[in-house]
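Numbering (my numbering), first residue to last: 6 to 142.
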Amino acid sequence: MEIETYISNQPKDRQSIMASIHVAIMENDKTVQAVVEPMMGKEMIVYKGKGLMKYGLASVKNYMSLHAMPIYGSTLLHSKYKALLPKTIFQKGCINFTHESDMPLDIIKELIVDCSKIDLLKMKEAYVKSRKEKKRL
């Protein structure tokens with residue numbers, strides 16, 4: 006399925022914000038490519054860089070989600086954007102929201118710019134290395 010088709014299949018009140026977030030990701034993080042594929046039992050737009058999911062954009066029954074894996078690995082980014090987006094619900098690596106007004110685009114663009122600087126592959130490799138070192142101790 007094409008990205009545009011996925012977005013146009015969403016409820017009318019969600020299409021604008023989803024399209025805007027998609028554009029913000031593609032314009033502000035040149036390291037990713039977008040594809041619609043299943044993730045966690047639902048189809049969503051998955052943005053991959055170096056073979057790893059960096060972002061995901063989903064529309065489910067009661068809310069929408071922006072998955073941003075760099076915030077999962079950065080407590081600094083997580084806390085910064087949790088404070089800047091008070092109308093959203095933050096989990097480890099995703100931001101859940103119900104209304105377009107919950108996600109001001111200037112803040113989302115800033116989030117993507119910050120996340121674009123993070124190399125997920127290096128982050129993953131460092132995590133795996135630290136786990137191996139802990140096991141050896």
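Where is the CB? At the ideal position from N, CA and C, for every residue including glycine.
Quick caveat: nothing in here was measured; it's all calculated off a predicted structure.
- Within 10 angstroms of the beta-carbon of G61 lie 16 or more other beta-carbons, which makes it buried.
- When C-beta atoms of the region 89 to 104 are compared with those of the region 64 to 81, three or more pairs fall below 8 Å, so the two segments count as touching.
- The alpha-carbon of I12 is positioned some 11 Å away from that of I26.
- E130 and Q20 have their C-alpha atoms roughly 36 Å apart.
- Within the same chain, Cβ atoms closer than 8 Å to the Cβ of D107 are found at L90, K92, T93, the five residues on either side in sequence being excluded.
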